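Down below is the structure, laid out as structure tokens.
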Amino acid sequence: MKHSKDPFEASIEEEENVEIEQSSEEDERNVRVGLKLKKCKTAEAKKKYENEEEENMEVELNKYPTGAHNVKKAKMQIILSQFTEEQMSRYESVRRSAFHKSNMKQLLKSITGSQKIDDTMIMVVCGIAKMFVGELVETARIVMGIRKESGPIRPCHIRESYRRLKLEGKVPRRSVSRLFR
């Protein structure tokens, strides 16, 4: 049984490469700051520039991962290591999946009636839709387990899953009533 590189491990390696690149960028930035300080004529200008740099430094410190971030990575790694091959395959499929932005844009235009749809709004709605589909599939798998069925998810499982999510209040209600029934 061949194990491919875990997507989580790949992201950790990418972050390590980014940290190396960031340290070289920091060195360049420090050189630039030193040159700008030499160019400042008065002591007041130097003080003002140093204060601005301290404020910028506080913002830049938020870019670097914290200890809590490392703890989350470790927990995620433990969870991923316990996945079966089938679960890992499903997990990778979910990570790679996405709704087409053009289709979502059309949907939002038809709902709102506006021709101007912001890209961030499209991304947010795509994310929410992906989470809803994930909940639907997860609940459908639970339904299959209760019924002691295996294989692919069938429409009856999706319908039962939707019904359960609706009872739990996880499905939004219609804002406009139906005209025909």
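When we follow the working numbering, the leftmost residue of the sequence shown carries the number 1, and every step to the right adds one.
Even for Gly, the Cβ is constructed at its ideal location relative to N, Cα and C.
Keep in mind that this is a model prediction, so the values were computed, not measured.
query                                                                                                                                            : result
Excluding the 5 residues flanking His157 on each side, which residues of the same chain have their C-beta closer than 6 angstroms to its C-beta? : Ala140, Val143, Met144
Buried or exposed: Leu136, going by 16 or more other Cβ atoms within 10 Å of its Cβ?                                                             : buried
Three or more C-beta pairs closer than 8 angstroms, one from the stretch 110-122 and one from the stretch 81-88: is that the case here?          : no
Does the separation of the CB atoms of Gly134 and Val94 fall below 8 angstroms?                                                                  : yes
Please determine, among Met76, Lys130, Ala129, Met104, the residue with the shortest C-alpha to C-alpha distance to Asp119.                      : Met104
Could you please give the first and the last residue of the uninterrupted alpha helix (DSSP H) stretch that includes Gln115?                     : Segment: none, Gln115 is in no alpha helix (DSSP H) and carries neither H nor E.
Taking DSSP as the reference, what is the three-state secondary structure of His157?                                                             : helix
May I ask you to report which of helix, strand or coil DSSP gives His100?                                                                        : coil
Quick one: is Ser161 buried, meaning 16 or more other Cβ sit within 10 Å of its Cβ, or exposed?                                                  : buried
Could you please give the first and the last residue of the uninterrupted alpha helix (DSSP H) stretch that includes Leu179?                     : Here Leu179 belongs to no alpha helix (DSSP H), and DSSP marks it neither H nor E.
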